[in-house]
Amino acid sequence: MADQFTTPFYNQLVAEFENAPKGEETNSELLKSREDAFELFKAKGFPTSKDEDWKFTNLTPFLTDTFSLTTGKVDQDQVKNAVNAAVIPGLDAWMLVLLNGEVQFDLSVLPEADQFNVQPLEEVISTEVYKNYITCKEAEGNRMYALNAAFFTNGYFLEVPKNIVVNKPVQIIHLYTAAENMFFQPRHLIIVNENAKAELIEVSVSLGNAQRVLMNSVSQVTVKENANLIQYTIQDNAAEDRLINYNHVTQERSSRYDNFTFNLPGAELIRNNLEIVLNGTATETHLLGLYLVAGHQLTDNHTAIHHRFPHCDSNEIYKGVLLDKGKAVFNGKVFVERPAQKTNAFQQNNNLLLSDKAQVFAKPQLEIFADDVKCSHGCTVGQFDPESLFYLQSRGISEESARKLLVEAFMFDVTQKIENEVVKGYVQSLIYKKMENSLATII
Amino acid sequence: MLSIKNLHANIEGKEILKGINLEVKAGEVHAIMGPNGSGKSSLASVLAGRENYEVTEGEVWLDGKNLLDMKPEVRAREGVFLAFQYPVEIPGVSNINFLRTALSEIRTHRELPQLSAKEFLKMTKEKQALVEFEAKLANRSLNQGFSGGEKKRNEVFQLAMLEPKLSILDETDSGLDIDALRIVSNGINKLRSPDNAFILITHYQRLLEYIVPDFVHVLYNGQIVRSGTKELALELEEKGYDWLKEEFHGSESINKI
Ligand SMILES: Nc1ncnc2c1ncn2[C@@H]1O[C@H](COP(=O)(O)OP(=O)(O)OP(=O)(O)O)[C@@H](O)[C@H]1O
Ligand SMILES: [Mg+2]
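Heads up: the protein sequence lines correspond to chains E and V, in order.
Note that the first sequence ends on residue 442 in numbering that gives the first Met the number 0; no numbers are left out.
Note that the second sequence ends on residue 256 in numbering that gives the first Met the number 0; no numbers are left out.
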C-alpha cells in the first residue's frame with residue numbers, strides 16, 4: 000500500500016522546497032524557520048488518522064490529486080463578478096479583496112491608514128513587526144502549520160492603530176480560482192493595538208471552475224491590551240474546495256475577542272483550527288460556530304483555548320446541523336493552567352442530525368490545573384423533536400416550514416449573538432438557501 | 000360537520016380507540032368526559048393527525064372530506080384546531096413568527112388575502128384581548144417560560160387567531176385559575192357561531208356551566224359508553240364513573256355469553 004511519503008504530492012512538495020533558489024530570503028530568522036518547518040514536514044509528512052487530532056478526518060483522499068503551486072492567468076471579469084457576488088448586500092463596510100491569497104488593492108475599498116493599515120504580507124515579513132510572529136509555540140508539531148510556514152509567500156497584514164475604533168466593519172473577501180488543480184498557502188497577520196476596536200467579516204468563496212483547490216492557510220491575530228476584535232469567518236466555497244485553516248489568536252490583558260465561524264454546505268473538506276491564547280488577565284472570549292454539513296462534506300472544527308492568567312472568561316457555543324451524508328467533527332479543548340484562578344470557561348456543542356446517513360464525532364476536552372475555577376461543558380446529538388414538529392404542523396404550518404422553524408430555533412443560541420443585524424440577516428439567508436434542497440427531501 | 004364512524008386506532012400495537020361513533024353538527028358544542036386513560040386525548044390526537052397513532056378501522060369525515068387522508072397541516076388549514084392538553088415549549092421559535100407563518104399558510108389554503116403587518120398586529124391585539132392573554136409575545140419563544148395557565152390561554156388565543164371550523168379543546172380548563180376559567184370561557188362563547196363547532200374534553204362540570212354543551216359523551220375504554228345532554232355531566236359529578244364502568248363490564252360479559 001502506498002503511504003503518503005510516496006504520493007506524488009508529497010514528493011512534489013519536497014522537490015519544490017529543495018530545488019527552490021536559496022538566498023532569496025533576506026531575513027535569516029525567517030529562512031531558518033522555513034527550513035525547520037520543512038524538515039518537520041519532510042520527516043513526518045501529512046497528518047494521518049493515526050494522529051490524535053486527525054483521528055476522524057482522513058486527509059489522504061484529498062491529497063491524491065496533483066496540484067500546481069503557481070497560479071496561471073485568471074479572467075478579470077470573472078473575478079469581478081465573483082467579488083460582487085460575495086459582497087454582503089446592505090453592509091456599509093470597508094472592503095479588502097484577496098485573490099488566491101494576494102491582496103488586490105484595485106478591487107478593495109480601504110480608508111486612510113489612520114483607521115487601519117493594510118499591506119500585502121510579503122512587504123511585512125522582513126520588518127521588525129513580523130519578528131514576533133515568525134514562530135508560533137502552540138503550533139509546534141502541527142504539520143499543516145509547518146507546511147504553511149515552510150512555503151507561504153502571500154496574504155494580508157492588517158493593523159489597527161492604538162485607540163482607534165474603526166468606523167465601519169471590514170469585509171475581507173478571500174476569492175480562490177484555478178485553471179488547474181491548485182494548492183494555496185496564504186498567511187495573514189492581524190494586529191489590533193491597545194484600546195482599539197475592529198470588526199472583520201471574512202468571507203471565503205471560490206469561482207468553482209471545477210478545478211480542485213486545496214488551501215492551507217494560517218492567520219495570526221493579536222488583540223492588545225483593552226482592545227476588542229470581532230472576527231467572522233463565513234466559508235461558502237464550491238464543492239471542489241478543500242480548506243484547512245489554522246487561526247492563532249493571542250489576547251492581551253482586558254481584551255475581548257469574538258469569533259463567529261459559519262461553515263456552509265459546499266467545500267468537500269473544511270478543517271478549522273482555532274487556537275486562543277489568553278496572555279493576560281481579565282480577558283473575554285466568545286467562540287460561536289455554526290456548521291451546516293450536507294452532501295458528502297466533511298467539516299471539522301478544532302478549537303483550543305489556553306487559560307494562563309486569572310480572571311479570564313471564555314464562552315464557546317458550536318452548533319451543527321447535519322444533512323445528507325455529511326460528516327462533522329468537533330473537538331473543543333480548554334486548558335486551564337495553574338495560575339489561571341477565577342477562570343470561567345463554558346463550552347457547549349449541540350448537533351442536530353437530520354439524516355440517518357450523516358455522522359458526527361464530538362469531543363469536548365477540558366484540562367484543568369487550577370482549583371478555583373468555574374468550567375462546564377455539554378455536548379448533545381439529537382434529532383427533530385416529533386412533538387414540536389407536530390405542534391407546528393397542527394397549526395397549519397407545512398412540514399417543510401416547520402423544519403425550517405426548528406432549525407432556526409436550534410441555531411438561535413448562536414445567531415442571536417450576532418450583533419451586526421446585516422451580517423445576521425445575510426448568514427441566515429445563506430443558511431436557508433443552502434439547506435433548502437436538503438431540508439425538502441428529509442423523510 | 001364532523002362524522003366519526005367506527006373509529007379504531009392503535010398506539011404501539013395496543014388498541015386505544017375501539018370503535019368510536021360521533022356526529023358533530025355546525026353550531027354545536029360537545030363535551031367528552033371519562034376517566035383517566037380512557038382515550039380522550041387519543042381521540043383528539045387521531046383527529047389532529049398525530050403520527051404515532053395508527054388507524055386500523057373506521058372513517059372520519061369533515062364536511063364531506065376524508066380527514067384521515069390529510070397531513071396534520073392540511074387538517075388545520077381545512078379547519079381543525081386542537082388545543083393541546085400539554086402544549087410544548089419550543090425555545091428559539093418566536094411566538095410572533097410562528098403565528099405569522101401559521102396564519103399565512105392557512106390563509107393561502109383558504110384563498111384569503113394575506114394580512115399586512117399592521118392588520119396582523121391589530122388582529123393579534125384583538126384576539127389577545129378576547130382571552131385577556133396579557134403575556135408579552137414579542138421577543139419571546141413559543142410557550143417558553145409561560146406558566147401552565149398562560150400556556151392554556153395561548154392555546155385559546157391561537158384558536159381565536161386561526162378561526163377554525165372545528166375546535167377540540169383537550170382539558171383546556173385544567174391549570175386555569177377560577178377567574179381565568181371564566182375569562183377563557185367567555186372568550187370561547189364569543190367565538191361560537193352557527194358555522195363552527197367545539198369538542199370540549201374535560202373532567203370538570205364547572206367548565207360546562209360556562210360553556211353549555213349541547214351533548215355530553217362519556218368515553219370509557221376506547222368507546223363512547225353513554226351520551227346525553229348537560230344533565231349527564233351533573234350526574235357524573237355526583238356519582239363518578241363506577242356505575243358506568245359496571246354497566247359497561249356487565250354488558251360486555253353478557254355479550255360474551
Ligand atoms: N405513546 C404511547 N404509548 C403507549 N401507550 C400510550 C401512548 N399514549 C397514550 N397511551 C395510552 O393510551 C391510553 C389512553 O390515553 P389518553 O391520553 O388518550 O387518555 P385520556 O383519556 O386523555 O386520559 P387523561 O384524562 O388522563 O388525560 C392510556 O392507557 C395511555 O397509557
Ligand atoms: Mg388526556
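Every residue gets a Cβ at the ideal spot worked out from N, C-alpha and C, and that includes glycine.
Bear in mind that the values here come from a model prediction, so they are computed numbers and not experimental data.
Q. What residues of chain E sit near Q157 of chain V, judged by a beta carbon separation below 7 Å?
A. R394
Q. Using DSSP with H/G/I as helix, E/B as strand and the rest coil, what is D371 of chain E?
A. coil
Q: State the Cα-Cα distance for the pair P7 of chain E and T63 of chain E, rounded to the nearest angstrom.
A: 8 Å
(Q) For chain E, check one thing: does any of its Cβ atoms lie closer than 8 Å to the Cβ of G91 of chain V? (A) yes
Q. Along the chain, where does the beta strand (DSSP E) that runs through A30 of chain V open and close?
A. V28 to M32
Q: Within 10 angstroms of the Cβ of G279 of chain E, are there 16 or more other Cβ atoms? Answer buried if so, exposed if not.
A: buried
Q: List the residues of chain V whose Cβ lies closer than 7 Å to the Cβ of L321 of chain E, in chain order.
A: Ordered by position in chain V, no residue passes the 7 Å Cβ test against L321 of chain E, which lies about 18 Å from the chain.
Q: Measure from the C-beta of P112 of chain V to each C-beta in chain C and report whether the shortest distance is under 8 Å.
A: Looking for chain C here will not work: the only protein chains present are E and V.
Q | Residues of the stretch 255-287 of chain E with Cβ closer than 7 Å to any Cβ of chain V, in chain order | A | none
Q: Spell out whether any CB of chain E is found under 8 Å from the CB atom of I10 of chain V.
A: no
Q. Using a C-beta to C-beta distance shorter than 9 Å, which residues of chain V count as neighbours of A209 of chain E?
A. Ordered by position in chain V, no residue passes the 9 Å Cβ test against A209 of chain E, which lies about 38 Å from the chain.
Q: State the DSSP-derived secondary structure class of S428 of chain E, mapped to helix, strand or coil.
A: helix
Q: Given a cut-off of 8 Å, decide if L405 of chain E and S387 of chain E are closer than it, judged by their beta-carbon atoms.
A: yes
Q.
Below 8 Å on the Cβ atoms is my contact criterion, and I expect G100 of chain E with P185 of chain E to pass it. Report the Cβ-Cβ distance as a whole number of Å.
A. 3 Å
Q.
Does Y390 of chain E come out as helix, strand or coil in the three-state DSSP assignment?
A. helix
**Q.** Neighbour-count burial assignment, T282 of chain E, 16 or more Cβ in a 10 Å radius
**A.** buried
Q.
Quick check: the stretch 101-120 of chain E against the stretch 8-20 of chain E, are at least 3 beta-carbon pairs closer than 8 Å?
A. no
Q.
Tell me which residue opens and which closes the alpha helix (DSSP H) that D76 of chain E is part of.
A. Q75 to A85
**Q.** Within-8 Å CB hit, P385 of chain E to chain V
**A.** yes
**Q.** Member of E:E34, E:W53, E:F66 and E:F345 whose CA lies at the smallest distance from the CA of N10 of chain E
**A.** E:F66
**Q.** is_contact[T100 of chain V, chain E] using C-beta, thresh 8 Å
**A.** yes
Q) Under a three-way DSSP split, which group does R255 of chain E fall into? A) strand
Q. According to DSSP, is F247 of chain V helix, strand or coil?
A. helix
Q: Report, in whole angstroms, the separation of the C-beta atoms of F80 of chain V and I167 of chain V, which I expect to be a contact under 8 Å.
A: 7 Å
Q) Out of curiosity, what's the CA-to-CA distance linking I223 of chain V and K326 of chain E? A) 52 Å
(Q) Quick check on DSSP: helix, strand or coil for N348 of chain E? (A) strand
Q.
Less than 8 Å between the C-beta atoms of L353 of chain E and L321 of chain E, yes or no?
A. yes
Q) Distance, Cα to Cα, K4 of chain V vs E56 of chain V? A) 9 Å
Q: With 7 Å as the C-beta to C-beta threshold (strictly closer), list the residues of the stretch 126-153 of chain V near chain E in chain order.
A: none
Q | Cutoff 8 Å: S428 of chain E Cβ touching any chain V Cβ | A | no
Q.
What would DSSP say about P60 of chain E, mapped onto helix, strand or coil?
A. helix
(Q) What does the alpha-carbon distance come out to for the pair E251 of chain E and N225 of chain E? (A) 8 Å
Q) Listing by chain order, which chain E residues have their CB less than 8 Å from the CB of L161 of chain V? A) R394 and G395
Q.
For F329 of chain E, list the residues DSSP reports as bridge partners.
A. E:N300 and E:A361
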